[in-house]
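Below is one structure, written out as structure tokens; comments come after it.
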Amino acid sequence: MATPVKVYGPPLSTAVSRVLACLLEKDVQFQLIPINMSKGEHKNPDFLKIQPFGQVPAFQDESISLFESRSICRYICEKYPDKGNKGLYGTNPLAKASIDQWLEAEGQSFNPPSSVLVFQLAFAPRMKIKQDQTAINQNEEKLSKVLDVYEKRLGESQFLAGDDFSLADLSHLPNTHYLANAAGRGELFTSKKNVGRWWGEISNRDSWKKVVEMQKQRT
Amino acid sequence: MAVTKVHGSPVSTATQRLLACLYEKKVEFEFVPVNLGAGEHKSENYLSLNPFGQVPAFEEGDFKLFESRAITHYVAHEYADKGTQLLLPGSNKSMATLQLWKEVEAHQFDPAASKLVWELAFKPIFGMATDAAVVEENEAKLAKVLDVYETQLAKSKYLACDSFTLADLHHLPNIQCLLMTSAKKLFDSRPHVSAWVADITARPAWSKVLAMQKQ
């Protein structure tokens, strides 16, 4: 039986939860190793050996050490094509290209404004850091424009890359979850018919519900 | 045979990223200029190719793609046997290592580098004032990223391994721009990074991309 893979980082981290969602979709056994960021464990020399940027997550299996959540997700899908959700990263080159396209769109267009909003609205208050209202306004506007593109796209297909749930949709779960549940910005998504429908479907997946459970347990 | 088309602008860093890949792979393509100054990238027609209204967009017969890094990934796989080998085929491990450094470029290098390109290279051209605070902040961020690169490039000739791959290629457009600004010092002051920059910017395929700007 294969040794469980290792994921380093707190489940509350959006990037860590991205990897956890992928592992659960693919039914790959894993061991979650906590990293106490408030104690600076992510900047320890030992941790920097596996993640030189001092960020979470880091990942190890018997072959390799990896970082960057989206590359970890792709590796898991490539290494275990026949486990769990077989179509998560596409089963042919054209499907995969479409998934890559929307994964890049997530990383380049959705992630920057949504990450700022998650930090400003969900984390800053808890960390007693003063919110930057200008940044909030600017990034709400940017995110709204991105969601206009998504609204049109999701009127043409069930999910972003096509008619099946894929890594491209999964990659959006962590930030959107916080925006909808901890930042009071659910309306950005639910006020748009197709985006609202899509969010309802993807956030109801068993894999994501399990990740949310893990986040609650480790608060 | 399906015609390959690239829609974009020779001065757009993302378009250049794709062009570099196509030249390395020796893939024949038709370049369809998009007039950014005239707002062509926001026209209904163009939005059907890239719904975000950005360049580049790619067509191969009926197959359409956007996002430069997704397109280069597709091209490198589809034409694996042509031109330069830009991937690390052979194992999930080597492909994952390549993917890791591609993600580093996209999420660590590009955010800081592209802000500096905008402040130091493009704003002057448009007669806009450079924001010194933004420059200072992003030079500091880029410096930290390049410290990691300096360590990595002491271990291997290129980022992912000892051969040139997509992970290195993706850096070319922003690096080329920054070499013509005050941010050049960030590369020059790090010997392994400096050698890597000199090497990748001297590649013939990259010179072809630069030549397109002069037309």
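Quick note, the sequences are listed as chains A and B, same order.
Under numbering that gives the first Met the number 0, the first residue of the first sequence carries the number 0, and numbering increases by one thereafter.
Under numbering that gives the first Met the number 0, the first residue of the second sequence carries the number 0, and numbering increases by one thereafter.
Even for Gly, the Cβ is constructed at its ideal location relative to N, Cα and C.
Checklist entry - Near T200 (chain B), what residues of its chain come up, given a Cβ to Cβ distance below 8 Å and the 5 sequence neighbours on each side ignored? => result L171, I174, Q175 and L178
Checklist entry - Between which two residues does the beta strand (DSSP E) harbouring Y7 (chain A) extend? => result V4 to Y7
Checklist entry - What do you get for S8 (chain B), buried or exposed, if any count of 16 or more other CB atoms within 10 angstroms of its CB means buried? => result buried
Item to check | Inter-residue spacing [alpha-carbon to alpha-carbon] between P80 (chain A) and D205 (chain A) | outcome: 19 Å
Next on the checklist: Using only the alpha-carbon positions, how far apart do K141 (chain A) and P50 (chain B) sit?
Outcome noted: 15 Å
Item to check | Closer than 8 Å to chain B by CB, K78 (chain A) | outcome: yes
Item to check | DSSP-derived helix/strand/coil call for V210 (chain A) | outcome: helix
Next on the checklist: As a quick exercise: from A:Q50, A:C72 and A:E61, pick the residue whose alpha carbon is nearest that of E24 (chain A).
Outcome noted: A:C72
Next on the checklist: Strictly under 8 Å for the Cβ-Cβ distance: is V148 (chain A) near chain B by that measure?
Outcome noted: yes
Checklist entry - So does the segment 58-74 of chain A actually touch the segment 91-98 of chain B, counting three or more Cβ pairs closer than 8 Å? => result yes
Checklist entry - Do F52 (chain A) and Q107 (chain B) have their C-beta atoms within less than 8 Å of each other? => result yes
Item to check | T3 (chain B), enclosing beta strand (DSSP E) - first and last residue | outcome: T3 to G7
Item to check | Neighbour list for F118 (chain A) in chain B, Cβ cutoff strictly below 9 Å | outcome: Going along chain B, no residue has its Cβ under 9 Å from F118 (chain A), so there is no contact; the nearest lies around 15 Å.
Checklist entry - What separation, rounded to the nearest whole angstrom, lies between the Cα atoms of G39 (chain A) and P112 (chain A)? => result 26 Å
Checklist entry - Nearest to A75 (chain B) by CA position, among B:V31, B:Q214 and B:A19, is which residue? => result B:A19
Checklist entry - Can you name, in chain order, every residue of its own chain whose Cβ lies under 8 Å from the Cβ of K127 (chain A), other than the five neighbours on each side? => result none
Checklist entry - So, is the C-beta of K42 (chain A) closer than 8 Å to a C-beta in chain B? => result no
Checklist entry - Going along the chain, which residues of its own chain have a beta-carbon closer than 6 Å to the beta-carbon of L31 (chain A), five neighbours each way excluded? => result V6
Item to check | Beta-carbon gap between A160 (chain A) and W101 (chain A) smaller than 8 Å | outcome: yes
Next on the checklist: With a threshold of 6 Å on Cβ separation, who are the neighbours of V208 (chain B) within its own chain once the five nearest residues in sequence on each side are excluded?
Outcome noted: Q15, L18 and A19
Item to check | Endpoints, beta strand (DSSP E) assigned at V31 (chain B) | outcome: E29 to P32
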